[in-house]
Amino acid sequence: MSRLKATALLLFAVASAAAQPTDLSGRWKLDLADDPLAAQPRTDDSGWPEVSLPWRNPSNESVYWLRRTIPAPTLPGENKLTLGLLAESYQVFANGAKIGDTGDFRAADVRFFAPRSFELPSDVIRPGSPLVIALRIWNPHTSWGSLTNGLQDRGPYWITTAEHASAAVDAARKGVRLALTPAFVVIAGECGIGVCLMLLWFAERDRRELLYFAAYLILTGVSLMVGAVVVFAGASGFWYRVVFRPLNDVAFLFLCLAAAIFLRRPKLRPPVLAVAAVISAALTFRTIYYLYPWLAILVWECLGSLRQSLRRNLVFALPLLIYVLAILNNTILPSARIIPASFVVSGMIFAITNVIQLLFAGAMLILMLHRLSSDRREKQRLASELDAAREIQRSLMPQSAPAIEGYSIGFRSSACYEVGGDYLDIFSLPSGEQIMIVADVAGKGLPAALVGASFRSAFRAAAGADAPLSDIAARIGQLHWNEGQEARRRYVTAIFLKLDSVHHCIEAVNAGHNAGLVVLSDGAMKTIEASGPPLGILPGVRYETEKIPFPAGTRLLLYTDGMTEVFRADDEEFGPERLFERFRDCRAGDSSEALESVWQALKEFAGEIRQRDDMTALALHRVSGCG
Numbered sequence: 062m063s064r065l066k067a068t069a070l071l072l073f074a075v076a077s078a079a080a081q082p083t084d085l086s087g088r089w090k091l092d093l094a095d096d097p098l099a100a101q102p103r104t105d106d107s108g109w110p111e112v113s114l115p116w117r118n119p120s121n122e123s124v125y126w127l128r129r130t131i132p133a134p135t136l137p138g139e140n141k142l143t144l145g146l147l148a149e150s151y152q153v154f155a156n157g158a159k160i161g162d163t164g165d166f167r168a169a170d171v172r173f174f175a176p177r178s179f180e181l182p183s184d185v186i187r188p189g190s191p192l193v194i195a196l197r198i199w200n201p202h203t204s205w206g207s208l209t210n211g212l213q214d215r216g217p218y219w220i221t222t223a224e225h226a227s228a229a230v231d232a233a234r235k236g237v238r239l240a241l242t243p244a245f246v247v248i249a250g251e252c253g254i255g256v257c258l259m260l261l262w263f264a265e266r267d268r269r270e271l272l273y274f275a276a277y278l279i280l281t282g283v284s285l286m287v288g289a290v291v292v293f294a295g296a297s298g299f300w301y302r303v304v305f306r307p308l309n310d311v312a313f314l315f316l317c318l319a320a321a322i323f324l325r326r327p328k329l330r331p332p333v334l335a336v337a338a339v340i341s342a343a344l345t346f347r348t349i350y351y352l353y354p355w356l357a358i359l360v361w362e363c364l365g366s367l368r369q370s371l372r373r374n375l376v377f378a379l380p381l382l383i384y385v386l387a388i389l390n391n392t393i394l395p396s397a398r399i400i401p402a403s404f405v406v407s408g409m410i411f412a413i414t415n416v417i418q419l420l421f422a423g424a425m426l427i428l429m430l431h432r433l434s435s436d437r438r439e440k441q442r443l444a445s446e447l448d449a450a451r452e453i454q455r456s457l458m459p460q461s462a463p464a465i466e467g468y469s470i471g472f473r474s475s476a477c478y479e480v481g482g483d484y485l486d487i488f489s490l491p492s493g494e495q496i497m498i499v500a501d502v503a504g505k506g507l508p509a510a511l512v513g514a515s516f517r518s519a520f521r522a523a524a525g526a527d528a529p530l531s532d533i534a535a536r537i538g539q540l541h542w543n544e545g546q547e548a549r550r551r552y553v554t555a556i557f558l559k560l561d562s563v564h565h566c567i568e569a570v571n572a573g574h575n576a577g578l579v580v581l582s583d584g585a586m587k588t589i590e591a592s593g594p595p596l597g598i599l600p601g602v603r604y605e606t607e608k609i610p611f612p613a614g615t616r617l618l619l620y621t622d623g624m625t626e627v628f629r630a631d632d633e634e635f636g637p638e639r640l641f642e643r644f645r646d647c648r649a650g651d652s653s654e655a656l657e658s659v660w661q662a663l664k665e666f667a668g669e670i671r672q673r674d675d676m677t678a679l680a681l682h683r684v685s686g687c688g
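As structure tokens, then:
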């Protein structure tokens, strides 16, 4: 009995060993001719060269054959043949009978290669006879890029049971997805940085490079996601060409626009961008060189910026050039590459281009934040200096109106920017008369303010000699002319006024300024017109003095053109007529109250429209019944 048990166990062990799956990896015969007889068992393949699987696309032939002869499988039940990342498009034969294909052999759009299994019909297996497995493989010369170049073909290459085949194929596909995990890190990194830059752009709308670079990062991240989906789903290369590559085309357009700003280069001309876009679009559907037009622009921009200033632009140009070189390295022939297109760590693929792309995005983010920080510090410094300049300019203005018996004097000034080019002054002469001026320097902002400060010094020096107003105007105009071309460009309009509070009259000289307004007690209006051009615009100009009685109840308004050039939403101008009417109709005895009424009218007229020019006004009232 013990001998019978031992014999039975031995027979069971032999049967189990004979029923093991057949490993198809290793040596296969190769035929580079597309001969249908290669699938037939009787074909003599003894003279064919041998190659080892995993292996794909051995040459430039469009169709080739791989063939393997094995003992007939003895597995119980349904048998299946499993293949790994062999090729995108192939047909499978067993003993001359076709048992399956990828479904796109010789198709216009092949699918990304993936592990597959094929049923091995029992009628093609002849017990005791060898089994010939033949693979007719089409080489479509499809270029999938660095995302997949490093995928390792680990099979499965088996003839095994249906259950084992299903598990092996499922494990192999999960291995492919695991290998692409770094791609998702790049996708998350690029899109995350892109969103951060987009949010930063909302706060810094004038920094268009933030918007352009954010668009580049988000588009390349989305395109990489599309590429990963194509791999995962084994999708058609059609999606790779019509979605993945066009997204990259648009992304690199934005990168070129951003680079021109990074590198402080002139704005790229639309014809240049249009030519690059057309060439890139023409290459997109046929070759992997579709990004070369954009790369040429980037290299040109980098070299141009380095010629301008190596030290200033190297920090931006160097990461960009490294990124461009990485793309070029990835697209040239494998034999010519300086470094591999990818490397594998623990079964995961790290595409050199994608790694450098993520490092490039991070470097650009750091550099842009550094530049923004520097620019913000510079803006804060300038703002601080402008605040100081504004305080200095305010200190140069009269701090309060002089108290003159029988008269009310009011003044008000509002700069369009931190500092302005309007000038107003009031001071007493040794004779006891009051001299007043309202002036307007051509232009706005700091340049006009600097000229205004220089004009104030010249005016005070000239007026201190108690000379006639016409001589003061002529002298200041000639001095301004003598300062040179830049000063002449910043000419000054001014209206000079001298008040004799004893004899109740005024003298006025208008040098190219807006007409001064005199309102008599009965409401009649008189204007003080210009008797010559603005100061400093022509040499040797003489001006005339106008003497005007100033009886009780008379009011006077001097102003700059910012008062009349106030606009509302429909772009209608406030104009001098409205200004005169408002001032005339204001019956306030105090000049400051009258100006407050005028300012309120301007504010109501403009609504939400921002002030466009400096506004300055001086009002003089002779109180009724005094003197």
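In the numbering used here, each residue's number is its place in the sequence shown (first place is 1) plus 61. For every residue, glycine included, the Cβ atom is placed at its ideal position computed from N, Cα and C. Note that the structure is predicted; figures quoted are calculated from it, not measured.
If you reduce the DSSP assignment to three classes, tell me which class K505 lands in. coil
Could you spell out the range, first to last residue, of the alpha helix (DSSP H) harbouring W262? T242 to A264
Can you check whether the CB of V570 is closer than 8 Å to the CB of T615? No, the Cβ-Cβ distance between T615 and V570 is not below 8 Å.
Starting from the N-terminal side, write out each stretch of the alpha helix (DSSP H) that is 4 residues or longer and does not extend beyond the stretch 267-312. 269-294
How should Q454 be labelled, buried or exposed, when 16 other C-beta atoms within 10 angstroms of its C-beta is the threshold for buried? buried
Check R325 in the structure and name its three-state DSSP category. coil
Determine the extent of the beta strand (DSSP E) in which R215 is found, giving its start and end residues. Careful: R215 lies outside any beta strand (DSSP E) and carries neither H nor E.
Where S518 sits in the DSSP three-state scheme: S518 falls in the helix class under three-state DSSP.
Looking at the strands, I want to know which residues DSSP matches up with T135. Paired residue(s): none; T135 is not in a bridge.
Checking the sheet assignment: what are the DSSP bridge partners for Y125? Residue pairing by DSSP puts Y125 in a beta bridge opposite I198.
Please list the terminal residues of the continuous beta strand (DSSP E) segment that includes N575. Looking at the DSSP string, N575 is not in any beta strand (DSSP E), and its letter there is neither H nor E.
For T414, name the three-state secondary structure that DSSP assigns. In the structure shown, T414 sits in a helix (DSSP, three-state: H, G or I).
Straight-line CA distance for R683 to G650? 9 Å
Coil, strand or helix - S435 by DSSP: helix
If you measure between the beta carbons of L142 and I194, is that distance less than 8 Å? In contact: L142 and I194 (Cβ atoms closer than 8 Å).
So, for F377: in the same chain, excluding its five sequence neighbours on each side, which residues have a beta-carbon less than 7 Å away from its beta-carbon? F323, L324 and L428
Looking only at its own chain, which residues have a Cβ that is under 7 Å from the Cβ of F641, when we skip the five neighbours before and after it? L578 and M586
Quick one, are the C-beta atoms of H565 and P610 less than 8 Å apart? yes
In whole angstroms, give me the CA-to-CA distance for P401 and I417. 13 Å
What residue range does the beta strand (DSSP E) around A555 cover? Counting along the chain, the beta strand (DSSP E) containing A555 begins and ends at V553 to D561.
In angstroms with no decimal places, state the Cα-to-Cα distance between C257 and A321. When rounded, the distance between both Cα atoms is 21 Å.
Excluding the 5 residues preceding and the 5 following R643 in the sequence, name in chain order all residues of the same chain whose CB lies nearer than 8 Å to its CB. S658, V659 and A662
If the criterion is Cβ atoms closer than 8 Å, does the pair L278 and I220 meet it? no
In angstroms, rounded to a whole number, what distance separates the CA positions of I496 and P594? 21 Å
Measure from the alpha carbon of A232 to the alpha carbon of each residue in Y218, A244 and A169, then state which is nearest. Y218
With burial defined as no fewer than 16 other Cβ atoms inside 10 Å of the residue's Cβ, what is the status of K90: buried or exposed? buried
DSSP state of T345 mapped onto helix, strand, coil: The answer is helix: DSSP assigns T345 an H, G or I state.
Cα-Cα separation between A244 and A319, rounded to whole angstroms: 24 Å
Whole angstroms are fine: how far does the CA of Y125 sit from the CA of S107? Approximately 17 Å between the Cα atoms of the pair.
Bounding residues of the beta strand (DSSP E) (the contiguous stretch that carries N156): In the DSSP annotation of this structure, N156 is not part of any beta strand (DSSP E), being labelled neither H nor E.
Could you tell me if L114 is buried or exposed, where buried requires 16 or more neighbouring beta carbons within 10 angstroms of its beta carbon? buried
Using the three-state DSSP reduction, which class does E224 fall into: helix, strand or coil? helix
In the structure shown, what three-state DSSP assignment does R167 receive? Per DSSP, reduced to three states, the secondary structure at R167 is coil, with no helix or strand assignment.
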